[in-house]
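Enquirer: For the record, the sequence lines run as chains A and B. The UniProt record's numbering puts the first residue of the first sequence at 1, with every later residue one more than the last. The UniProt record's numbering puts the first residue of the second sequence at 1, with every later residue one more than the last.
Number of protein chains: 2
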Amino acid sequence: MEKKVALKDVAQHIGVSVALVSYVLNGKEKEARVGADMANKIRKAAAELNYQPNLIAKSLKMGKTKTIGLIVADISNPFFSTIARIVEDEAKKHGYVVIFGSSDESAEKQLDLIDVFSTRLVDAFIIAPASGTEKQIETIVKRGIPVVLMDRFFPGLKVDCVHINNFNAAGKAVKQLIKNNRKRIGMVAYDTMQSHMQDRKQGYKAALKENSIRFKKQWLVEASYQNIEKDVAAKLKALLKPLQVDALFFATNSLAVAGLKEINKLGIKVPDDLAIISFDESDAFDFFYSPVTYVSQSLVDIGKEAVKLILNRLHNKSKKNADVIVEARLIVRESCGSKL
Amino acid sequence: MEKKVALKDVAQHIGVSVALVSYVLNGKEKEARVGADMANKIRKAAAELNYQPNLIAKSLKMGKTKTIGLIVADISNPFFSTIARIVEDEAKKHGYVVIFGSSDESAEKQLDLIDVFSTRLVDAFIIAPASGTEKQIETIVKRGIPVVLMDRFFPGLKVDCVHINNFNAAGKAVKQLIKNNRKRIGMVAYDTMQSHMQDRKQGYKAALKENSIRFKKQWLVEASYQNIEKDVAAKLKALLKPLQVDALFFATNSLAVAGLKEINKLGIKVPDDLAIISFDESDAFDFFYSPVTYVSQSLVDIGKEAVKLILNRLHNKSKKNADVIVEARLIVRESCGSKL
DNA sequence: TGTAATATTGTAATCAAATACAATACAGTT
DNA sequence: AACTGTATTGTATTTGATTACAATATTACA
């Protein structure tokens, strides 16, 4: 096990002060007026000794860690891991590294993660906030640490955020079902107050109303995040046996995957008996016997925009808070039925 | 923006030295023989001021960052993101945080990540190594930094690793196909020298041989990781049109997803025309019209064991290198056909 | 040659925390 | 009262790097 070589070692190796080495290796020879031959000698020595700066020491001195804390509901969910990958790539381009944490939609766990990341002095946060964590986000902002919310946000809270227009997206989906002559349209959502979910529900209801379809309470199936499988299975069964709707709109891919399994189990035929539209993508949607129509959010855009906003904050280029709306489009396939 | 409160602030607040505060807050009052009332006063002050230790400073002093660097091929791949989640949870239990990076199976990118993580002084690495990176791993070991390889490993290299027995697992899958009367069994794999892939191919060939089936070169379809989609589509088409096999064994879920799409496109019926078995899981497998039989690796075990091995190393509890074999079992469903 | 101006390089403080060692205080003993 | 021993608390160094400022060397010019 070789010991690490530090600035001091490089300096001693050629008999100069650490200051010089630091200046040269940071490209500040000009400002520090270091002689050209000295500079070369230093660079050569650093290379010879294979000097690697200690970023921890640098962080301590500079007060910056070049680290972004990413907090999502669950990194194993493809929706978030895909975003994570984009964030990773974008962050790397600018010398940042990402540490991640999964909140499981729990406010408590999220607070824990924020604390842990804070004591590690992450330079910024990118968060898909759990329900009821507005105060947590506010605290981060107050501390002067850049934050970007994604996927969800808190109306009224002054923070940068990136998300789609959930109200419209849901509306688009529901209108497509209506266009295909469906009149009794159910929705499967999470029972959370989070803005994105509320907006999807509102968008769904508004689309019904706009088309003079009277919303029925039992059409809205709400599952808890903590046990999707069981909740969806049980509550959906109640709605589908006997069949009280002719179409279903799923608020997320996880809900859809759970729901489609139950639909298969009940032997309901898509789209003839029941038309389907979901939010987000899934490999499963491509292989369902009736390829699933879905609202596609550009995860690439979400990830890229999130990092862009964070970098703007970090470089003080932004004044007031940004609210970036990312595109969402309906990918129409068999599952939503057809006009006739 | 409030300034951070440091040890010094707490000390000044009650007029004592930082040493005392440090001892007390680290639970070393006994060793340092700090008076009981003093200790209480300090704890109270720390709480009042909401003191949060600066882990960066601590890391510098202690030479430990309580951080694990996780390097996988692609964090957006559910196989790896699922493991990442397990690693995250296990690591958190022990006060560790995870930073991640995706190598895209590129040796160069992987080296980059290792360098970046090294300068940040991660305490340990968990890596699913890209092809041809044995030297990189060796270097880490030489530097005395704990590493655990997962999913893949390098025969002969002395490092801790966690993986399934790929040879046997592949054999099990192929034998199942043979049991179901398939005689012309193809395999779709990656064209890499990585041990896990080689073992799967060898297991496949051995199973054929053991059953007196003569392997034909064209049965083995090899795709490059860089463009799965096109490679699989093109090469599989060559094998399936006209149909030269009556069964296909996919070496990973990504390959299977790409392959199944092509199979659908070609209108080949599973399992009647073609029986299917894949490695790993996927939501897609559940929804394919003929539910896909697959080799299930326990990702939970892989993740947990990886962290366990790392912690052992970090606590010097381990002497020689461990080689943990995780269970893999065949989940038999429709796609692999039946006996008659 | 003396002095000012400029070019180079070194010194030392700083970041926040840990800790070896020093220092002081106080009680008990003779 | 002087001394020893233990109980408490403080001082100062260390970690590796950055950087303001000080110091020295060199060159230019009168």
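For glycine and all other residues, C-beta sits at the position ideal for the given N, C-alpha and C. Being a predicted model, the structure only gives us computed values, none of them experimental.
(1) Using only alpha-carbon positions, find the residue among VAL188/A, LYS205/A, GLY203/A that is nearest to ALA234/A.
(2) From this set, HIS196/B, GLU305/B, ARG85/B, PHE215/B, which residue's C-alpha is nearest ILE99/A's C-alpha?
(3) In the DSSP assignment, find the unbroken beta strand (DSSP E) run with ILE178/B in it and report its ends.
(4) Pull up the CB-CB distance for THR82/A and LEU299/A, whole angstroms please, since I reckon it's below 8 Å.
(5) Taking DSSP's pairing of strands, which residues face CYS161/A in a bridge?
(6) My output table needs one value for GLU29/A: the three-state DSSP class, helix, strand or coil.
(7) Got a sec: is the Cβ-Cβ distance from GLN110/B to anything in chain A below 9 Å?
(8) Given a cut-off of 9 Å on the beta-carbon distance, is the pair ALA128/B and ILE310/B in contact?
(9) With DSSP run on the structure shown, which of helix, strand or coil describes THR67/A?
(10) Only counting the same chain, and skipping five residues up and downstream in sequence, which positions put a Cβ closer than 6 Å to that of GLU222/B?
(11) Is it right to say GLN156/A is buried, meaning 16 or more other beta carbons lie within 10 angstroms of its own, or is it exposed?
(12) Tell me which residue opens and which closes the alpha helix (DSSP H) that PHE285/B is part of.
(13) If I follow the unbroken beta strand (DSSP E) through GLN202/A, where does it start and stop?
(14) Run through DSSP, which three-state label would THR133/A get?
(15) Can you tell which of PHE167/A, LYS158/A, ALA130/A, PHE153/A has the C-alpha that lies nearest to the C-alpha of LYS142/A?
(16) Does any C-beta atom of chain B lie closer than 9 Å to the C-beta of ALA57/A?
(17) Pairing CB atoms from the segment 168-176 of chain A with CB atoms from the segment 197-208 of chain A, are three or more of them under 8 Å?
(18) At which residue ranges does the segment 234-266 of chain A contain complete alpha helix (DSSP H) runs of 4 or more residues, listed in the order of the chain?
(19) Within the continuous alpha helix (DSSP H) that includes GLY303/A, where are the two ends?
(20) Just the chain B side, please: which residues come within less than 8 Å of VAL98/A by C-beta, in chain order?
(21) Spatial neighbours of GLN194/A within its chain, please: C-beta separation below 7 Å, excluding the five flanking residues on both sides.
(22) Residues in the same chain with beta-carbon distance under 6 Å from residue 341/B, minus the five sequence neighbours each way, listed in chain order, please.
(23) Is ASN54/B close to chain A? Criterion is C-beta to C-beta, closer than 9 Å.
(24) Using a beta-carbon distance cut-off of less than 9 Å, what residues from the segment 237-266 of chain B approach chain A?
(25) Could you say which of ALA306/B, LEU255/B, ASP283/B, PHE249/B lies nearest to CYS336/B if we only look at CA atoms?
(26) Got a sec: which bits of the segment 272-283 of chain A sit with their beta carbon under 8 Å from any beta carbon on chain B, in order along the chain?
(27) If you follow the beta strand (DSSP E) that ARG329/A is in, where does it begin and where does it stop?
(28) So, with DSSP's three-state summary, where would you put TYR294/B?
(29) Listed in chain order, which residues of the segment 76-90 of chain B have Cβ atoms closer than 7 Å to some Cβ of chain A?
(30) Anything in chain B within Cβ reach of VAL116/A, meaning under 7 Å, just list it in chain order.
(31) Anything in chain A within Cβ reach of THR65/B, meaning under 9 Å, just list it in chain order.
(32) Just to make sure I have the definition right: I need the residues of chain A whose C-beta is within less than 7 Å of the C-beta of ASP74/B. Which are they?
(33) Classify ILE325/B as buried or exposed, calling it buried when 16 or more other Cβ atoms lie within 10 Å of its own Cβ.
(34) Using only the alpha-carbon positions, how far apart do GLY69/B and HIS196/A sit?
(35) Are three or more beta carbon pairs between the segment 207-221 of chain A and the segment 262-275 of chain A nearer than 8 Å?
(36) What are the start and end residues of the beta strand (DSSP E) that includes PHE100/B?
Expert: Let's see:
(1) As a working mapping, residue 234/A is identified with position 234 in the first sequence. ALA234/A has its Cα closest to that of VAL188/A, out of VAL188/A, LYS205/A, GLY203/A.
(2) Against the first sequence, residue 99/A aligns to sequence position 99. It is ARG85/B.
(3) Within the second sequence, numbered from 1, the residue matching residue 178/B stands at position 178. From DSSP, ILE178/B is part of no beta strand (DSSP E) but of the alpha helix (DSSP H) over 166-179.
(4) Residue 82/A sits at position 82 when you count from the first residue of the first sequence. Residue 299/A sits at position 299 when you count from the first residue of the first sequence. About 5 Å; that satisfies the 8 Å criterion.
(5) By 1-based counting over the first sequence, the position of residue 161/A is 161. Paired residue(s): LEU149/A, ASP323/A.
(6) Taking the first residue of the first sequence as position 1, residue 29/A is located at position 29. Three-state result, GLU29/A: helix.
(7) Here residue 110/B refers to the residue found at position 110 of the second sequence. Answer no: the Cβ-Cβ gap between GLN110/B and chain A never drops below 9 Å.
(8) To locate residue 128/B, count along the second sequence from 1; it is residue 128. To locate residue 310/B, count along the second sequence from 1; it is residue 310. For ALA128/B and ILE310/B, no; Cβs fall outside 9 Å.
(9) What you label residue 67/A is simply residue 67 of the first sequence in a count that begins at 1. Reduced to three states, the DSSP call for THR67/A is strand.
(10) Walking along the second sequence from the start, residue 222/B turns up at place 222. ALA189, ASP191.
(11) Here residue 156/A refers to the residue found at position 156 when the first sequence is read from its first residue. A small fix is needed here, since residue 156/A is Gly in this sequence, not Gln. Exposed, because fewer than 16 other Cβ atoms sit within 10 Å of the Cβ of GLY156/A.
(12) For the purposes of this step, residue 285/B is identified with residue 285 of the second sequence, where counting begins at 1. Segment 283-287, the alpha helix (DSSP H) holding PHE285/B.
(13) Residue mapping note: residue 202/A aligns to position 202 of the first sequence, counting from 1. Run containing GLN202/A: none in the beta strand (DSSP E); it sits in the alpha helix (DSSP H), 195-210.
(14) As a first step, residue 133/A must be located in the first sequence, where it is residue number 133. Coil, per DSSP.
(15) In the first sequence, the residue the question calls residue 142/A occupies position 142. Per the Cα distances, LYS158/A.
(16) Along the first sequence, read from residue 1 onward, the residue named residue 57/A stands at position 57. So yes, ALA57/A belongs to the interface.
(17) yes
(18) 253-265
(19) As a first step, residue 303/A must be located in the first sequence, where it is residue number 303. Here the alpha helix (DSSP H) through GLY303/A covers 299-314.
(20) Walking along the first sequence from the start, residue 98/A turns up at place 98. Near VAL98/A (Cβ distances below 8 Å), the residues of chain B are ILE99, PHE100.
(21) The sequence position of residue 194/A within the first sequence is 194, counting from 1. Within the same chain, GLN194/A has close Cβ partners SER131, ARG152.
(22) Outside the modelled stretch of chain B, which goes from 1 to 340, sits residue 341/B, for which no answer is possible.
(23) As a working mapping, residue 54/B is identified with position 54 in the second sequence. It does; some Cβ of chain A falls within 9 Å.
(24) ASN253, VAL257, LEU260, LYS261, ASN264
(25) Within the second sequence, residue 336/B is the residue found at index 336, counting from 1. Checked all of ALA306/B, LEU255/B, ASP283/B, PHE249/B; the closest Cα to CYS336/B is PHE249/B.
(26) SER282, ASP283
(27) Indexing the first sequence from 1 puts residue 329/A at position 329. First-last of the beta strand (DSSP E) with ARG329/A: 328-331.
(28) Start at 1 with the first residue of the second sequence, and residue 294/B comes out as number 294. It is a strand residue.
(29) SER76, PRO78, SER81, THR82, ALA84, ARG85, GLU88
(30) Position 116 of the first sequence, counting from 1, holds the residue named residue 116/A. Simply VAL97.
(31) As a first step, residue 65/B must be located in the second sequence, where it is residue number 65. Neighbours of THR65/B on chain A, chain order: ILE56, ARG120.
(32) Here residue 74/B corresponds to residue number 74 of the second sequence, with the count starting at 1. In chain order: ARG85.
(33) Position 325 of the second sequence holds residue 325/B. Per the 10 Å Cβ criterion, exposed.
(34) The residue given as residue 69/B occupies position 69 in the second sequence. The residue given as residue 196/A occupies position 196 in the first sequence. If you take the alpha carbons of GLY69/B and HIS196/A, they lie about 33 Å apart.
(35) no
(36) Here residue 100/B refers to the residue found at position 100 when the second sequence is read from its first residue. That run of the beta strand (DSSP E) goes 97-102.
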